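K.L.:
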Amino acid sequence: MRLLALETSTEFCSVALWQEGAIVERCEQVGQKHSELLMEMLDGVLREANITLAQLEGIAFGAGPGSFTGVRIACGVAQGLALGADLPVVGICTLEALAQASGYEKVIATLDARMAEVYHAAYEKRDGNWVTVHQPGLCLPKDAKPVDGTGWFGVGSGFAAHGAALGERYAGNLAGIDAQAVPQASAIALLASKLFMTGQGMDAALAMPLYLRDKVALKTSER
1151 MRLLALETST
1161 EFCSVALWQE
1171 GAIVERCEQV
1181 GQKHSELLME
1191 MLDGVLREAN
1201 ITLAQLEGIA
1211 FGAGPGSFTG
1221 VRIACGVAQG
1231 LALGADLPVV
1241 GICTLEALAQ
1251 ASGYEKVIAT
1261 LDARMAEVYH
1271 AAYEKRDGNW
1281 VTVHQPGLCL
1291 PKDAKPVDGT
1301 GWFGVGSGFA
1311 AHGAALGERY
1321 AGNLAGIDAQ
1331 AVPQASAIAL
1341 LASKLFMTGQ
1351 GMDAALAMPL
1361 YLRDKVALKT
1371 SER
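So the sequence shown is numbered by our numbering: it starts at 1151 and just counts up by one.
1. In chain order, what residues of the same chain have a beta carbon less than 6 Å from the beta carbon of TYR1254, not counting five sequence neighbours either side?
2. Just to confirm, are GLY1220 and THR1158 a CB contact at a threshold of 7 Å?
3. Within its chain, find whatever has a CB closer than 8 Å to the CB of ALA1355; leave out the 5 residues flanking it on each side and keep chain order.
4. Please list, in chain order, all residues of the same chain as LEU1362 whose beta carbon is under 7 Å from its beta carbon, the five residues on each side excluded.
5. Measuring CB atoms only, is the stretch 1178–1191 touching the stretch 1240–1247, in the sense that at least three cross pairs come out at less than 8 Å?
6. Three-state secondary structure (DSSP) at PHE1356?
7. For ASP1298, tell me which candidate among GLU1207, TRP1280, VAL1257, PHE1309 has the shortest Cα-Cα distance.
8. Where does GLN1205 fall in DSSP's three states?
9. With respect to the beta strand (DSSP E) encompassing ALA1294, which residues constitute its N-terminal and C-terminal limits?
10. Which residues bound the alpha helix (DSSP H) around GLN1229?
Shown next, in the form of structure tokens:
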């Protein structure tokens, strides 16, 4: 099976090609230039592997949460490519991809959501598969849902932006913090491969970003 994966929900842009478990990936910190660089990176990965879109069996993308513009770019590009090549798609939650990319097995995954909030979820790997302990949500760091026991790792930009508050919230639970971890296309590809293999790819027309908030900025009176 050959799958293409795209991830643009943070300041990083990454593309990965998954071929029977072997992964070719390109990942760059691009700021706000995802729309300018994504297609070039995508073409580079396909050329490196000597693969065309017609030889793929599916396209996966980071569905969010994350940057509103970023998740729309990944979804739109995946949808356009899949419609043109008549391929199924799978959207993967960026917080689960963050957990996968971290390398840990008990993960409190967070992304900075701005406006003093974080996107938050908790996952635990059991028998090689991720079990969702807390569903993705949006909250103030002090209100992040609690977890049981020790050995948890806090990962993602939420810990970079709100490390003190989240550290206090999870005092006694955390074995470590990796605030620099980001969702990656390689993690998207690995998670999506299991869904494609079980026939869970969807029609490209049904691809949708995962938004956890409608409001993207504070009013002047709220600042």
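Backbone N, C-alpha and C fix where the C-beta goes; we use that ideal spot for every residue, glycine too.
Since this is a predicted model, take the numbers as computed values, not measurements.
P.N.:
In terms of the structure at hand:
1. Start at 1 with the first residue of the sequence shown, and residue 1254 comes out as number 104. For TYR1254, where only same-chain residues beyond five positions count, the Cβ hits under 6 Å are PHE1303.
2. To locate residue 1220, count along the sequence shown from 1; it is residue 70. To locate residue 1158, count along the sequence shown from 1; it is residue 8. Cβ distance < 7 Å, so GLY1220 and THR1158 count as in contact.
3. Within the sequence shown, numbered from 1, the residue matching residue 1355 stands at position 205. When the five nearest sequence neighbours on each side are left out, the beta carbons in the same chain lying within less than 8 Å of the beta carbon of ALA1355 are those of GLN1229, LEU1233, in order along the chain.
4. As a position in the sequence shown, residue 1362 is number 212, starting the count at 1. Result list for LEU1362: PRO1215, TYR1269, PRO1286, GLY1287, LEU1288, in chain order.
5. Contact between the stretch 1178–1191 and the stretch 1240–1247 is absent: fewer than three C-beta pairs spanning the two stretches fall below 8 Å.
6. The sequence position of residue 1356 within the sequence shown is 206, counting from 1. Reading off the sequence shown, one finds Leu at residue 1356, where the question assumed Phe. Under the three-state reduction of DSSP output, LEU1356 falls in the helix class.
7. Counting from one through the sequence shown, the residue named residue 1298 turns up at place 148. The shortest Cα separation from ASP1298 among GLU1207, TRP1280, VAL1257, PHE1309 belongs to VAL1257.
8. Residue 1205 sits at position 55 when you count from the first residue of the sequence shown. The answer is helix: DSSP assigns GLN1205 an H, G or I state.
9. The residue labelled residue 1294 in the question sits at position 144 within the sequence shown. Going by DSSP, ALA1294 is part of no beta strand (DSSP E) at all; its letter is neither H nor E.
10. Numbered from 1 along the sequence shown, position 79 holds the residue referred to as residue 1229. Unbroken alpha helix (DSSP H) run through GLN1229: 1218–1235.
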